[in-house]
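J.: Chains as they are written, first to last, in the working numbering: chain E, 56 to 191; chain F, 56 to 191; chain R, 56 to 191; chain W, 56 to 191; chain B, 56 to 191; chain C, 56 to 191.
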């Protein structure tokens, strides 16, 4: 009786794509306008998927209020209205592509959830570009 | 040549989360405002996924009009504009959480579909909370 | 330099359409399945529009956090997860059609806003049915 | 470290469902109004999913600009503002159901992508009808 | 106490933009790929707005079921799964641009509605292109 | 025979709300987390509305390709993937609130359009916060 439950949240952040091991020309060539040294930004839409058994007492896989609060405390407060490159530990050395942001969010939430739950992160950078991690 | 086809539908219903084996304080603590004895309600958005082989004669996995009519007859007419707790057999004893509603819809449609089809139910309680059953 | 600013919010409620001056047959005829005595429900999507001058100090017509908090305090806390007919003063005597709910929300917010602002309420009962008040 | 990346695109096309081996009555019976000899049309919404490893140099699975350009060149320019039955090689003999269009798009993109990538196509014919291929 | 009520509906149709008084080169220059002689198509999303007084007996401006049925009978059955240029009287001589389709829908619904109602038509040709008529 | 036509576009930008005439405490108090000195960002969704007469030759109010190109050249290329405060002339002295951005976009497009057209700008900063200018 495994069911997947999903919870959506969003945060607004600035970022810049950049590989410090490359020179400017290479960064410009690979990342184009996403390499703008003054940053640009997005409304990130986050979809958290948790798979588990239905608890027969509650009818819940996980209490959505608990899941919502975990996302708020560990993801939204960390990244909302922040400059990912400058204001966060996680992306000081790591390029904040959508792929890498999804992996980081996965790891932050993974340690908050009971290991019996399966966790998947979907992150929309724009309505037309989005990513998912892990791939089962 | 397996393809998945999806059909969306929706219904509006009232419900209340409640475990009759618990006292009021426990119900209030676990279910919060969802335990309101006078009920609240939702626009449930339903996404039915059917996986099967393409029929080379029609180019269809299943005729969408047939699938639409099955959903209308067995799900929408049963739950639309109803109080799930009071007006339906299915939730007289079963807590109408999104998880349980998805499982019930799965069972109702599963018996209408040829066993060669794989079936999955996704149910949106709000734009931000949704569930899926079964998990393959 | 008048600008319109919009803020969206939502609430989930149960309701029933009913005119107590009519007999059951007449109520059934006019309101159909919306007359279900056990109620049904909706995810109401609310769009609040405020028109005013841009304040040259802030660049704001009105601080969105202030507007968000007014909506939360005076509308969402009053109606969210409630049965409109049974749990609220406003609809004890008034039929909770989308039209009437929009008028009630308008009046509740109108007294919270400075009279120099123009106010309009748009209320989505479903994605396909919605109303607006007042009409300027 | 496999991540899925998604890119959306759209195209507008006319089509008609028809099996040339059947007589008119049979076509009319099976395909209904979709069999209209003068065609009808859709805004097709296309979601391309590519699964692969994150490149540690770029933080990308695949450069979204590259993926966007592949979709533009091989799918959009081929099908946008076209009559699928009359203007395209692919559907001269093949019934342009959503299922078949998804399979065709899959094959066209499959040969453009490195074989280390896993590819999935999701195609929305309307907001309520959509398909996915292949099913993993 | 005037309130606006909105009802959404949709239809799928093929069309072609063409001015028979111009030669092919001129048509191609002005209408580009929309001039394809074999047609292309859209999922047209229609939003009908009706302004009137709330009836104190019902709490309705107009019964949404009545409005839904008028749209179904006079618009959807006329245009859904049709080729606007070939299958409809209205666009045999009139170029089926979004602007002209909106005007035609306005006139068809205007004669079905009591003259005390104000009527406005909004028509989405794609998510990014839409029109409204009349402008009050 | 006036018709309104709408065209949507989007751009991604970083910004920071700040009044240089105030001290840090005052800026922090008024703008909160939007005052982050390292910036944050948004996916701005832009809706351009143009009102005019239908040209009987084309059936158009304005050629959507022309309107799309004007928006691309004068708005998207100027603001997309930019830091509004640092990279643009328009917001070097002007606080880039949604209200002010809408006014700036209006002025930039107003000078590109024939004066017989009426122009309105709607700008979505998030799905829940948006503004419109001018108010007619």
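Think of the CB as a built atom: it goes at the ideal place given N, C-alpha and C, for glycine as much as any other residue. In this text the structure is predicted, and so the values were computed from the model without any measurement.
Return the chain-ordered list of same chain residues with a C-beta closer than 7 Å to the C-beta of residue 65 of chain R, the five sequence neighbours on each side being excluded.
T.: To locate residue 65 of chain R, count along the third chain from 1; it is residue 10. Here the set comprises 98, 99, 100 and 101.
J.: When you compare only the Cα positions, how much space is there between residue 63 of chain E and residue 179 of chain E?
T.: Numbered from 1 along the first chain, position 8 holds the residue referred to as residue 63 of chain E. Numbered from 1 along the first chain, position 124 holds the residue referred to as residue 179 of chain E. Distance between the alpha carbons of residue 63 of chain E and residue 179 of chain E: 11 Å.
J.: Report the CB separation of residue 72 of chain C from residue 93 of chain C in whole angstroms; it is logged as a contact under 8 Å.
T.: Within the sixth chain, the letter at position 17 stands for residue 72 of chain C. Within the sixth chain, the letter at position 38 stands for residue 93 of chain C. Contact doesn't hold; Cβ gap of about 13 Å is too wide.
J.: Going by CA-CA distance only, name the one from W:70, W:136, W:118 and W:156 that's closest to residue 168 of chain W.
T.: Locating residue 168 of chain W in the fourth chain gives position 113, where the first residue counts as 1. The shortest C-alpha separation from residue 168 of chain W is found at W:118.
J.: Cβ closer than 8 Å: which chain F residues qualify as neighbours of residue 154 of chain W?
T.: Numbered from its first residue, the fourth chain carries residue 154 of chain W at position 99. Result: 58, 60, 109, 114, 115 and 116.
J.: For residue 69 of chain R, count the other beta carbons within 10 Å of its own beta carbon; 16 or more makes it buried, fewer makes it exposed. Which is it?
T.: Position 14 of the third chain, counting from 1, holds the residue named residue 69 of chain R. Buried is the call here.
J.: By the three-class DSSP mapping on this structure, what secondary structure does residue 121 of chain F have?
T.: The residue you call residue 121 of chain F lines up with position 66 of the second chain. If DSSP states are grouped into helix, strand and coil, residue 121 of chain F belongs with the helices.
J.: Tell me the DSSP secondary structure of residue 179 of chain W in three-state form.
T.: Here residue 179 of chain W refers to the residue found at position 124 of the fourth chain. If DSSP states are grouped into helix, strand and coil, residue 179 of chain W belongs with the strands.
J.: Quick one: is residue 142 of chain E buried, meaning 16 or more other Cβ sit within 10 Å of its Cβ, or exposed?
T.: Reading the first chain from its first residue, position 87 is the one you call residue 142 of chain E. The residue in question, residue 142 of chain E, is buried, as its Cβ has 16 or more Cβ neighbours within 10 Å.
J.: Compare the C-alpha of residue 104 of chain C against each of C:136, C:57, C:132 and C:138 and name the closest.
T.: Against the sixth chain, residue 104 of chain C aligns to sequence position 49. If we check each option's Cα against that of residue 104 of chain C, C:57 comes out closest.
J.: What first and last residue would you give for the alpha helix (DSSP H) that runs through residue 82 of chain W?
T.: Numbered from 1 along the fourth chain, position 27 holds the residue referred to as residue 82 of chain W. It spans 79-86 - the alpha helix (DSSP H) in which residue 82 of chain W sits, taken as one unbroken run.
J.: Need the endpoints of the alpha helix (DSSP H) that residue 165 of chain R sits in, please.
T.: The residue labelled residue 165 of chain R in the question sits at position 110 within the third chain. Start and end: 153-165.
J.: Under 8 Å, Cβ to Cβ, is there at least one residue of chain E near residue 149 of chain C?
T.: Along the sixth chain, one-based indexing puts residue 149 of chain C at 94. So, not an interface residue.
J.: Residues of chain C with CB closer than 9 Å to the CB of residue 123 of chain E, please, in chain order.
T.: Within the first chain, residue 123 of chain E is the residue found at index 68, counting from 1. Ordered by position in chain C, no residue passes the 9 Å Cβ test against residue 123 of chain E, which lies about 16 Å from the chain.
J.: List the endpoints of the continuous beta strand (DSSP E) containing residue 141 of chain C.
T.: As a working mapping, residue 141 of chain C is identified with position 86 in the sixth chain. Where residue 141 of chain C is concerned, there is no enclosing beta strand (DSSP E), although the alpha helix (DSSP H) it sits in stretches over 139-142.
J.: In this structure, does DSSP put residue 129 of chain W in helix, strand or coil?
T.: For the purposes of this step, residue 129 of chain W is taken as residue 74 along the fourth chain, with counting starting at 1. Three-state DSSP puts residue 129 of chain W in a helix.
J.: Could you name the residues of the segment 67-88 of chain R whose beta carbon sits closer than 9 Å to any beta carbon of chain B, in the order they occur along the chain?
T.: Residues passing the 9 Å Cβ filter: 72, 74, 76, 77, 85, 86 and 87.
J.: Counting Cβ pairs closer than 8 Å, one from the segment 122-130 of chain W and one from the segment 138-155 of chain W, do we hit at least three?
T.: Result no; under three Cβ-Cβ pairs closer than 8 Å.
J.: Give the residues of chain E in contact with residue 93 of chain C, contact being defined as C-beta atoms less than 9 Å apart.
T.: Within the sixth chain, the letter at position 38 stands for residue 93 of chain C. Result: 69, 94, 137, 138, 140, 141 and 142.
J.: Is any beta-carbon of chain E found at less than 8 Å from that of residue 129 of chain C?
T.: In the sixth chain, counting from the first residue as 1, residue 129 of chain C sits at position 74. So no, residue 129 of chain C is outside the interface.
J.: What does residue 96 of chain B pair with, by DSSP beta-bridge criteria?
T.: Here residue 96 of chain B is taken as the residue at index 41 of the fifth chain, counted from 1. Per DSSP, B:69.
J.: Buried or exposed for residue 121 of chain W, please, with buried defined as at least 16 other CB atoms from any protein chain shown within 10 angstroms of its CB.
T.: Along the fourth chain, read from residue 1 onward, the residue named residue 121 of chain W stands at position 66. So residue 121 of chain W ends up on the exposed side.
J.: DSSP three-state label for residue 91 of chain W, please.
T.: As a position in the fourth chain, residue 91 of chain W is number 36, starting the count at 1. DSSP places residue 91 of chain W in coil when its eight states are reduced to three.
J.: With residue 74 of chain E as the anchor, note down where its beta strand (DSSP E) starts and where it stops.
T.: In the first chain, counting from the first residue as 1, residue 74 of chain E sits at position 19. Neither: residue 74 of chain E is in no beta strand (DSSP E) and is coded neither H nor E.
J.: Using 8 Å for Cβ pairs, my map puts residue 115 of chain E next to residue 175 of chain F. What's the rounded Cβ distance?
T.: Here residue 115 of chain E refers to the residue found at position 60 of the first chain. Here residue 175 of chain F refers to the residue found at position 120 of the second chain. Actually they are not in contact, since the Cβ atoms of residue 115 of chain E and residue 175 of chain F sit about 20 Å apart, beyond 8 Å.
J.: According to DSSP, what are the bridge partners of residue 188 of chain F?
T.: The count along the second chain starts at 1 and reaches residue 188 of chain F at position 133. Paired residues: F:176.
J.: Is the distance from the Cβ of residue 154 of chain B to the Cβ of residue 186 of chain B below 8 Å?
T.: Taking the first residue of the fifth chain as 1, we reach residue 154 of chain B at position 99. Taking the first residue of the fifth chain as 1, we reach residue 186 of chain B at position 131. The answer is yes: Cβ separation under 8 Å.
J.: Using a beta-carbon distance cut-off of less than 7 Å, what residues from the segment 174-191 of chain W approach chain B?
T.: Per Cβ criterion, the list reads 181.
J.: Since residue 106 of chain R meets chain C, which of its residues come closer than 8 Å, beta carbon to beta carbon?
T.: One-based indexing of the third chain puts residue 106 of chain R at position 51. Simply 190.
J.: Consider the Cβ of residue 64 of chain E: report whether some Cβ of chain W lies at a distance smaller than 8 Å.
T.: By 1-based counting over the first chain, the position of residue 64 of chain E is 9. Output row for residue 64 of chain E: interface = no.
J.: Measuring CA to CA, which of E:84, E:85 and E:106 is closest to residue 189 of chain F?
T.: For the purposes of this step, residue 189 of chain F is taken as the residue at position 134 of the second chain. Here the closest residue by C-alpha is E:106.
J.: In angstroms, rounded to a whole number, what distance separates the CA positions of residue 172 of chain F and residue 111 of chain F?
T.: As a working mapping, residue 172 of chain F is identified with position 117 in the second chain. As a working mapping, residue 111 of chain F is identified with position 56 in the second chain. Rounded to whole angstroms, residue 172 of chain F to residue 111 of chain F spans 16 Å at the Cα level.
J.: What is the rounded straight-line gap between the Cα of residue 79 of chain C and the Cα of residue 109 of chain C?
T.: The residue labelled residue 79 of chain C in the question sits at position 24 within the sixth chain. The residue labelled residue 109 of chain C in the question sits at position 54 within the sixth chain. Roughly 52 Å separates the two Cα atoms.
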